[in-house]
Structure formats: structure tokens, C-alpha cells
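Residue numbers (the numbering used here): 235 to 328. So the structure is just underneath, and the comments pick up after that.
Structure (C-alpha cells):
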């Protein structure tokens, strides 16, 4: 089963909101991406940027579990959403 781009963007926006509310993880995301809070606001509607949010969260199973438990998603949904956004279908072997 795959998600529509619209559903994937909704999940990614929820992930961004979850991340913004996480006082410990948000600075890690900003440091890892080089983004500022203003960048987050400006790019929140960009599917490629939303993909990077999901890339970050899916790096750690504990983050996926926490995010999904917070908003009531199945644990597979963030990765499915990532695959539906730009760059998600590309294989990354690093």
C-alpha cells in the first residue's frame, strides 16, 4: 500500500509539528540540517523539505515510535510517507 502525495505531506507536516514541540530534538534537527526557525516556516509547504523532516525522524526508531505514538500513527507510516515525497523513491546505500 502506498500513500498519496497529499497524505504524505500531511504526515510530514505533523512530523514537523512534533519535532518543533520537542525541545531536545529540535536543536539537533536544526544543527544537522543547517536550517533556522525562519527556514522551517518558509519551507513548511515544500514537499522536498518535508521529505528531509521525515528523513531525519526515520533515522532513529525511538523517534519514529515517539512521533507515531504521539499522533496515533502506525509505525510504518513515516517511511511510507517519505517514499511518496520527492526523493523518497531513490535508494541510498550510505
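Cβ atoms here follow ideal geometry from the backbone N, Cα and C, with glycine treated the same way.
With a beta-carbon spacing of about 12 Å, residue 274 and residue 246 fall beyond the 8 Å limit used to define contacts. Exclusion of the five residues before and after residue 271 leaves 264 as the residues of its chain whose Cβ lies within less than 8 Å of its Cβ. The straight-line gap separating the alpha-carbon atoms of residue 306 and residue 295 is approximately 16 Å. Judged by DSSP in its simplified three-state form, residue 320 adopts coil rather than helix or strand. For residue 280, there is no enclosing alpha helix (DSSP H), as DSSP gives it neither H nor E. Fully enclosed alpha helix (DSSP H) runs of no fewer than 4 residues occupy 271–277 and 281–291 of the segment 269–303, in order along the chain.
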